[in-house]
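Colleague: Have a look at the structure that comes next, please.
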Amino acid sequence: MESMDYHSALALLEWQVELGASEAIGDAPVDRYALPSVQPRPARDPASRTAGTSAAPEPAAELVDPVAEARGAAAAAGSLEALRAAMAEYPHCDLRRGARNLVFSDGLPGARVMVVGEAPGREEDRAGRPFVGRAGQLLDRMLAAIGLGRSLDEAPVYIANVLPWRPPQNRDPRPEEIAMMQPFLERHIELAAPELLVVMGNISCQALLGRRGITRLRGTWSEAQGLPAMPMFHPAYLLRNPSAKRAAWADLLEVKARLGDG
Ligand code: URA
């Protein structure tokens, strides 16, 4: 079958269901995340092979280093818009194939505080904006409690994620996915130029602090890219564990106090 993008495949499937199809027709499931990201080359046109000349050998498949490519693309981006475009063109992270939207950022670039989350969920994937689902609404309330927010009435924040594409079924991002998107995150922080970072959850701590263990890390200032960084429980965790909100409140007060000093 000719390759088809996610949305066309979904539309086709919905149409078939409307016609009464009730079973998948393939004999074997296809793991599209396991398919190669580079389409196979079309077969050579036989007419272009001149009789008598020995065909030139196919060049060996190029070895690409996804992290090095990400580093180069990120370093070449001179603005947030250019960075967004470079991420949209970056072909090596398979998560992009199942995602509806690239979720880049929200809030005000240049804000004193940059919040770094993990990865978009379903709502964010649909909206193309980070933290718009239930966890995002809680994040907004938490930030508002110390006078910060995305709207113009509050002191602005800037919000981005370690990964700009939703992992399928909201699974945890894989180490190689984090590694290849990390250069983009680092450049993102450089270009947004906050005064301090709020690092939400274990995945973000892994990417920015090189460590996991949010229960131990939270509440103590750390450093990432030369900036003060406050690790905090992720709002999705707080929704599942309301008793941890007390600790989150203490961490927010730390952030507020640090801003007061500035
Ligand atoms: N969780 C995150 O870490 N980021 C989002 O954008 C949404 C939920």
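For what it's worth, my numbering labels the leading residue of the sequence shown as 6, then goes sequentially. Where is the CB? At the ideal position from N, CA and C, for every residue including glycine.
1) Restricting to runs no shorter than 3 residues, where is the beta strand (DSSP E) found entirely within the region 85 to 169?
2) Would you kindly work out how many angstroms separate the C-alpha atoms of His12 and Gln174, rounded to a whole number?
3) What is the C-beta distance between Gly141 and Leu148, in whole angstroms, given that I count them as a contact (C-beta under 8 angstroms)?
4) Roughly how many angstroms separate the alpha carbons of Glu181 and Ala79, rounded to a whole number?
5) Please say whether Val108 and Gly133 have beta carbons closer to each other than 7 angstroms?
6) Going by Cα to Cα distance, which pick from Ala82, Tyr95, Ala81 is closest to Pro69?
7) Since I believe Ala234 is in contact with Leu201 (beta carbons under 8 angstroms), could you give me their beta-carbon distance rounded to a whole number of angstroms?
8) Determine the closest residue to Ser227 out of Leu213, Trp254, Ala82, Gly122, with distance taken between C-alpha atoms.
9) Where does the unbroken alpha helix (DSSP H) through Val72 begin, and where does it stop?
10) Check whether the region 155 to 164 and the region 83 to 99 are in contact - that is, three or more C-beta pairs closer than 8 angstroms.
11) Comparing the CB of Glu182 with every heavy atom of the ligand URA, is any distance shorter than 6 angstroms?
12) Within its chain, find whatever has a CB closer than 6 angstroms to the CB of Ile151; leave out the 5 residues flanking it on each side and keep chain order.
13) Identify every residue that forms a DSSP beta bridge with Val203.
14) Beta-carbon separation of Ala249 and Phe238 under 7 angstroms?
15) Comparing the CB of Pro125 with every heavy atom of the ligand URA, is any distance shorter than 6 angstroms?
16) Please list, in chain order, all residues of the same chain as Ala241 whose beta carbon is under 7 angstroms from its beta carbon, the five residues on each side excluded.
17) Along the beta strand (DSSP E) that carries Glu1, what are the first and last residues, could you check?
18) Pro71 to Glu191, Cα distance in whole Å?
19) Exposed or buried, Met185, counting other C-beta atoms within 10 Å across all chains shown (16 or more means buried)?
20) Does any heavy atom of the ligand URA sit closer than 6 angstroms to the C-beta of Pro169?
21) Could you check whether Ala255 and Leu243 sit closer than 7 angstroms to each other, using their CB atoms as the reference points?
22) Give me the Cα-Cα distance between Glu19 and Arg102, rounded to the nearest whole angstrom.
Modeller: For this structure:
1) Segments of the beta strand (DSSP E) lying fully in the region 85 to 169: 118 to 122, 160 to 166.
2) Sequence index remark: in the sequence shown, residue 12 carries index 7 (1-based). Sequence index remark: in the sequence shown, residue 174 carries index 169 (1-based). Going from the Cα of His12 to the Cα of Gln174 covers about 17 angstroms.
3) One-based indexing of the sequence shown puts residue 141 at position 136. One-based indexing of the sequence shown puts residue 148 at position 143. Going by Cβ atoms, the distance from Gly141 to Leu148 rounds to 10 angstroms, so no, they are not a contact pair.
4) As a working mapping, residue 181 is identified with position 176 in the sequence shown. As a working mapping, residue 79 is identified with position 74 in the sequence shown. If you take the alpha carbons of Glu181 and Ala79, they lie about 17 angstroms apart.
5) In the sequence shown, residue 133 corresponds to position 128, counting from 1. In the sequence shown, residue 108 corresponds to position 103, counting from 1. Yes; because the gap between Cβ atoms is below 7 angstroms, this pair is in contact.
6) Counting from 1 along the sequence shown, the entry for residue 69 is found at position 64. In the sequence as presented, Pro is not what sits at residue 69; that position holds Val. Cα-wise, what sits closest to Val69 is Tyr95.
7) As a position in the sequence shown, residue 201 is number 196, starting the count at 1. As a position in the sequence shown, residue 234 is number 229, starting the count at 1. Taking a contact as a CB-CB distance under 8 angstroms, the pair Leu201 and Ala234 counts as one, their CB atoms being some 7 angstroms apart.
8) The count along the sequence shown starts at 1 and reaches residue 227 at position 222. For the options Leu213, Trp254, Ala82, Gly122, the alpha carbon positioned closest to that of Ser227 is the one of Leu213.
9) Position 67 of the sequence shown, counted from the start, is the residue given in the question as residue 72. Looking at the DSSP string, the run of the alpha helix (DSSP H) that includes Val72 is 71 to 81.
10) By the C-beta criterion, the region 155 to 164 is judged not to be in contact with the region 83 to 99, since fewer than 3 inter-stretch pairs fall below 8 angstroms.
11) Residue mapping note: residue 182 aligns to position 177 of the sequence shown, counting from 1. In terms of side-chain proximity, the C-beta atom of Glu182 is found no nearer than 6 angstroms to any non-hydrogen atom of the ligand URA.
12) Numbered from its first residue, the sequence shown carries residue 151 at position 146. Once the five neighbours on either side are set aside, the close Cβ partners of Ile151 are Leu257, Lys261.
13) Locating residue 203 in the sequence shown gives position 198, counting from the first residue. In the DSSP assignment, Val203 forms a beta bridge with Val120, Met235.
14) Counting from 1 along the sequence shown, the entry for residue 249 is found at position 244. Counting from 1 along the sequence shown, the entry for residue 238 is found at position 233. A contact, by the Cβ cut-off of 7 angstroms.
15) Sequence index remark: in the sequence shown, residue 125 carries index 120 (1-based). Yes, the beta carbon of Pro125 sits closer than 6 angstroms to at least one heavy atom of the ligand URA.
16) Looking up residue 241 in the sequence shown gives position 236. Same-chain partners within the cutoff: Ala140.
17) One cannot answer for residue 1 here, as it falls past the ends of the chain, which runs 6 to 267.
18) If you number the sequence shown from 1, residue 71 lands on position 66. If you number the sequence shown from 1, residue 191 lands on position 186. Each residue's Cα considered, the two are about 16 angstroms apart.
19) Within the sequence shown, numbered from 1, the residue matching residue 185 stands at position 180. Met185 should be labelled buried.
20) Indexing the sequence shown from 1 puts residue 169 at position 164. Checking the Cβ of Pro169 against the ligand URA gives no.
21) One-based indexing of the sequence shown puts residue 243 at position 238. One-based indexing of the sequence shown puts residue 255 at position 250. Their beta carbons are not under 7 angstroms apart, which means Leu243 does not touch Ala255 by this criterion.
22) Position 14 of the sequence shown, counted from the start, is the residue given in the question as residue 19. Position 97 of the sequence shown, counted from the start, is the residue given in the question as residue 102. Approximately 19 angstroms, taken between the alpha carbons.
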